[in-house]
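K.L.:
Using the numbering used here, read the sequence shown as starting at 186 and increasing by one per residue. Even glycine gets a Cβ: it sits at the ideal position worked out from N, Cα and C.
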Amino acid sequence: MTQNEVLDFWFRTLQPVERSMLYLPYMHSESRLIHEQALDLYSAPGLEFNLDFERRHKAIIDRFGRYPHRNAILGRESSAEELEFLTQPGSSF
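(1) Can the beta-carbon of Leu218 be found closer than 9 Å to that of Tyr227?
(2) Just verifying my parser: in three-state terms, what is the DSSP assignment at His254?
(3) Can you give me the start and stop residues for the alpha helix (DSSP H) that Leu232 sits inside?
(4) What are the boundary residues of the alpha helix (DSSP H) that Phe270 is part of?
(5) Tell me the DSSP secondary structure of His213 in three-state form.
(6) Alpha carbon to alpha carbon, how far is Tyr252 from Leu199? Give it in angstroms, no decimals.
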């Protein structure tokens, strides 16, 4: 739904904090393509306060192709590199 909403004209009338809430599914996606779109969305005036968070989320997806901290709950096996990453400070939000 969010991707369709972003294209609608009314969406541009929302305040930055309102738009940032609708962008959260982009930030939490495990798609590299969606994270490319999210960088553009969070680069808009008034949304810079979330841009660093998006960059950090995207870096994890670029590195692993997924969020390693979701592996256990989703029944996915973690690689040794992912397990090491999860022990590092700042590996989770």
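P.N.:
In short, the structure shows the following:
(1) no
(2) helix
(3) Premise fails: Leu232 is in no alpha helix (DSSP H) and is neither H nor E.
(4) 265-271
(5) coil
(6) 30 Å
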